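Engineer:
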Amino acid sequence: MRYEDWRREHGSLTHGWWRAGVLVFAVLIIILVSVVDLATPRELTAFGLVITAGPVLAVASARPWAVAAVGAFAWVMAWATSSWQGLGGTAYQQVRLCVIAGMTLLSVAVAYSQDVLERRANRSATDESMLAAIVHGSSDAIVATDLNGIILSWNHGAEQMFGYTAEEMIGQSALKVLSPDRAARMPSVLAGIGRGEGVAHYRTQRIRKDGTLFDVSNSISPIFDKHGTVVGAAAIDRDVTALTRAEEQREQILERSARAERLESLGQLAGGIAHDFNNLLAINLNYLEFALEQTTDPDTHNDLTRAKASAERARDLTRQLLVFARKQPTTPETIDLNTVITDTRTLLDRTIGTHIELITHLHPHPLPIRADRSRLEQVLLNLVINARDAMPDGGMIIIENGPTTLTEDTSHQLAPGPYAHLNITDTGTGMPPDIAAHVFEPFFTTKTKQHGTGLGLATAYGIITEAGGTITLTTEPGVGTTCHILLPLSTADTAAEKSDADQLRLG
Numbered sequence: 021m022r023y024e025d026w027r028r029e030h031g032s033l034t035h036g037w038w039r040a041g042v043l044v045f046a047v048l049i050i051i052l053v054s055v056v057d058l059a060t061p062r063e064l065t066a067f068g069l070v071i072t073a074g075p076v077l078a079v080a081s082a083r084p085w086a087v088a089a090v091g092a093f094a095w096v097m098a099w100a101t102s103s104w105q106g107l108g109g110t111a112y113q114q115v116r117l118c119v120i121a122g123m124t125l126l127s128v129a130v131a132y133s134q135d136v137l138e139r140r141a142n143r144s145a146t147d148e149s150m151l152a153a154i155v156h157g158s159s160d161a162i163v164a165t166d167l168n169g170i171i172l173s174w175n176h177g178a179e180q181m182f183g184y185t186a187e188e189m190i191g192q193s194a195l196k197v198l199s200p201d202r203a204a205r206m207p208s209v210l211a212g213i214g215r216g217e218g219v220a221h222y223r224t225q226r227i228r229k230d231g232t233l234f235d236v237s238n239s240i241s242p243i244f245d246k247h248g249t250v251v252g253a254a255a256i257d258r259d260v261t262a263l264t265r266a267e268e269q270r271e272q273i274l275e276r277s278a279r280a281e282r283l284e285s286l287g288q289l290a291g292g293i294a295h296d297f298n299n300l301l302a303i304n305l306n307y308l309e310f311a312l313e314q315t316t317d318p319d320t321h322n323d324l325t326r327a328k329a330s331a332e333r334a335r336d337l338t339r340q341l342l343v344f345a346r347k348q349p350t351t352p353e354t355i356d357l358n359t360v361i362t363d364t365r366t367l368l369d370r371t372i373g374t375h376i377e378l379i380t381h382l383h384p385h386p387l388p389i390r391a392d393r394s395r396l397e398q399v400l401l402n403l404v405i406n407a408r409d410a411m412p413d414g415g416m417i418i419i420e421n422g423p424t425t426l427t428e429d430t431s432h433q434l435a436p437g438p439y440a441h442l443n444i445t446d447t448g449t450g451m452p453p454d455i456a457a458h459v460f461e462p463f464f465t466t467k468t469k470q471h472g473t474g475l476g477l478a479t480a481y482g483i484i485t486e487a488g489g490t491i492t493l494t495t496e497p498g499v500g501t502t503c504h505i506l507l508p509l510s511t512a513d514t515a516a517e518k519s520d521a522d523q524l525r526l527g
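Mapping the sequence shown onto the working numbering, position 41 (from 1) lands on 61, and the numbers just tick up by one.
(1) If you measure between the beta carbons of Ser104 and Ile120, is that distance less than 9 Å?
(2) In terms of alpha-carbon separation, which member of Arg393, Asn322, Pro352 lies closest to Ile361?
(3) For Phe460 and Ala480, what's the separation of their Cα atoms in angstroms?
(4) DSSP beta-bridge partners for Asn238?
(5) Buried or exposed for Pro384, going by 16 or more other Cβ atoms inside 10 Å?
(6) Classify Ala457 as helix, strand or coil using the three-state DSSP reduction.
(7) Counting only the same chain and skipping the five closest in sequence on each side, list residues whose C-beta sits under 7 Å from that of Gly415.
(8) Is Leu312 helix, strand or coil when you go by DSSP?
(9) Going by beta carbon distance, what residues of the same chain come within less than 6 Å of Ile213, once the five residues before and after it are set aside?
(10) Could you give the C-beta distance for Gly231 and Met206, rounded to a whole number, given that I count them as a contact under 8 Å?
(11) Drop a sphere of 10 angstroms on the beta-carbon of Leu233, count the other beta-carbons inside from all chains shown, and report buried for 16 or more, exposed for fewer.
(12) Classify Leu382 as helix, strand or coil using the three-state DSSP reduction.
(13) Which residues does DSSP pair with Asn142 in a beta bridge?
(14) If we require 3 or more residues per run, which beta strand (DSSP E) segments fall completely within the stretch 352-412?
(15) Is the CB-CB distance between Thr165 and Ala194 below 9 Å?
(16) Please classify Thr449: does DSSP put it in a helix, a strand, or coil?
(17) Do Ile355 and Arg326 have their C-beta atoms closer together than 9 Å?
(18) Between Ile361 and the ligand ADP, is the CB less than 8 Å from at least one heavy atom?
(19) Quick check on the burial criterion: 16 or more other C-beta atoms within 10 angstroms. Buried or exposed for Leu507?
(20) Work out the CA separation of Leu396 and Glu486 for me, nearest whole Å.
(21) Check Ala487 in the structure and name its three-state DSSP category.
(22) Between the Cα of Arg365 and those of Ile405, Pro352, Ala329, Leu387, spot the shortest distance and give me the residue it belongs to.
(23) What is the rounded straight-line gap between the Cα of His176 and the Cα of Val136?
(24) Cβ of Asp131 within 9 Å of Cβ of Ala78?
(25) If Gly178 sits next to Ile190, beta carbons under 8 Å apart, how far is it from one beta carbon to the other, in whole angstroms?
(26) I think Ser239 touches Ala220, with their Cβ atoms under 8 Å apart; what is that distance to the nearest whole Å?
(27) Which partner residues does Leu442 have in the DSSP bridge list?
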């Protein structure tokens with residue numbers, strides 16, 4: 021048991037015995053005075069007025085009803101003794117009884133006033149004790165300082181939040197836990213507090229004992245004395261690091277959701293246009309074929325050949341648009357992601373050139389996924405070509421993969437479960453955030469018209485999302501770019517499926 025609790029419990033007990041003792045002593049005084057009065061000659065009737073000492077002494081108990089009872093007992097004893105002495109009905113008896121009644125009423129009034137004051141004092145002490153307990157037990161940091169910023173009190177929440185004990189901080193300057201930007205503003209804040217101005221809730225940072233910064237919600241209020249003079253400041257800090265992180269994660273989720281909806285709308289529009297345009301191109305290509313078969317003039321043949329090449333390039337663009345819109349038929353199969361990367365390595369090496377180093381870090385175990393193999397190879401090729409174009413002076417491209425598990429609190433907008441992650445990182449020029457937010461949109465490109473159509477990443481987005489995964493991008497100007505791909509792991513046995521396919525071909 022703490023000393024304060026012991027003192028509170030035993031103090032109230034001692035106070036109760038003190039009240040009872042005062043009342044018993046007052047009654048004994050009345051009895052003693054009555055006995056002495058009986059033994060006193062009738063000529064000393066004034067001695068009987070000493071009996072008023074009983075109710076006067078009872079005032080110390082601060083119990084009005086008890087004082088009234090003691091006064092009534094004194095009145096009865098005075099009446100009995102005076103009657104015994106043969107003074108019944110005389111003026112002496114009436115004066116004595118009136119004096120005792122008056123002193124009793126006066127004592128009751130004084131006891132009542134004392135009782136009111138004592139109750140107020142006890143209530144104030146209880147309130148202060150409760151407030152102190154609330155401050156001590158609060159998980160928020162509650163700190164009191166003087167108008168110079170010297171810490172006067174430091175609660176348990178501050179100890180837990182900042183890592184300093186009360187002994188370490190009381191008497192120290194509050195600058196010890198303020199971030200540099202807030203430390204510079206401390207004199208102006210304290211000046212405002214001195215004028216009675218408070219500081220509403222605002223986000224800022226504090227410094228822990230180990231030197232780490234963390235986010236807090238802070239409010240500061242002036243402390244007034246009983247005369248209304250500002251004597252200090254009370255600051256309340258609440259650690260909102262987790263709340264800030266949750267808000268940032270929520271903003272990321274909303275941003276990704278809005279981006280996905282925007283890309284879905286673009287995909288529907290692009291898919292509808294590409295489908296009709298592809299039909300028109302097919303007709304034009306057929307007529308160009310007929311014209312090429314029938315013409316014999318070299319110049320005309322050359323012009324028709326160029327027209328056909330241009331139409332075929334347009335047809336390829338429409339096919340990429342259809343892939344982005346997920347309107348192109350696919351043939352998904354269970355394949356090992358490691359095998360796809362390994363088999364594509366030779367083509368990728370030839371594509372990037374000798375001035376760029378291609379590094380692969382593959383998981384030691386198979387990563388079976390369900391996807392169209394040719395389209396997955398197209399994704400790898402598109403991403404590697406983009407990485408190559410971002411490094412005109414050379415650099416490195418790193419391809420790595422592995423298994424991962426998504427939980428309920430994931431921000432990837434995918435169902436919880438096992439996934440394969442594929443990261444493609446380059447050491448190129450990187451992109452600013454405003455450009456990176458649009459890289460998966462069709463026809464958006466940072467390249468010149470002669471070197472890019474803006475469909476490479478849009479096509480990769482369509483292929484990956486059709487396979488049930490996601491593709492995101494992190495980049496920093498001057499550092500490089502990383503494409504993050506997540507694909508659901510397949511539960512099918514890749515080796516068994518391949519063996520069955522081989523048997524069907526042999527059959």
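Glycine included, every Cβ here is placed at the ideal spot set by N, Cα and C.
Predicted model only: the values in this text are computed from it and were never measured.
Structural biologist: According to the structure data:
(1) This sequence places Trp at residue 104; Ser is not what is there. Cβ distance not < 9 Å, so Trp104 and Ile120 don't count as in contact.
(2) Per the C-alpha coordinates, the member of Arg393, Asn322, Pro352 positioned closest to Ile361 is Arg393.
(3) The straight-line gap from Cα to Cα measures roughly 8 Å.
(4) Asn238 pairs with Tyr222, Asp257.
(5) Around the C-beta of Pro384, fewer than 16 other C-beta atoms lie within 10 Å, and the residue is accordingly described as exposed.
(6) Three-state DSSP puts Ala457 in coil, outside helix and strand.
(7) Excluding residues within five positions, the ones whose Cβ falls inside 7 Å are Ile376, Asp446, Thr447, Gly448.
(8) If DSSP states are grouped into helix, strand and coil, Leu312 belongs with the helices.
(9) Cβ-Cβ distances below 6 Å link Ile213 to Pro242, Ala253 in the same chain, with the five nearest sequence neighbours on each side left out; the list follows chain order.
(10) Not a contact, Cβ separation roughly 19 Å.
(11) That one is exposed.
(12) When secondary structure is reduced to three states using DSSP, Leu382 falls in the coil class, being assigned neither helix nor strand.
(13) Bridge partners of Asn142: none, in fact.
(14) For secondary structure counted as the beta strand (DSSP E) over 3 or more consecutive residues, the stretch 352-412 holds these complete runs in sequence order: 353-356, 376-381, 388-391.
(15) Yes.
(16) Coil at Thr449, not helix or strand.
(17) Not in contact: Ile355 and Arg326 (Cβ atoms no closer than 9 Å).
(18) The model on display carries no ligand, and the ligand ADP is accordingly not part of it.
(19) Burial of Leu507 is indicated by the presence of at least 16 other C-beta atoms within 10 angstroms of its C-beta.
(20) Taking the straight line from one Cα to the other gives about 11 Å.
(21) Residue state, collapsed to three classes: coil.
(22) For Arg365, the nearest C-alpha among the options comes from Ile405.
(23) Answer to the nearest angstrom: the Cα atoms are 35 Å apart.
(24) The sequence shown places Ala at residue 131, rather than the Asp named in the question. Yes.
(25) Looking at the sequence shown, residue 178 is not Gly but Ala. Between the beta-carbon of Ala178 and that of Ile190 there is about 11 Å, and that puts the pair past the 8 Å contact cut.
(26) Yes, Ser239 and Ala220 are in contact; Cβ-Cβ is about 6 Å, under 8 Å.
(27) The beta-bridge partner set that DSSP reports for Leu442 consists of Asn421, Ile505.
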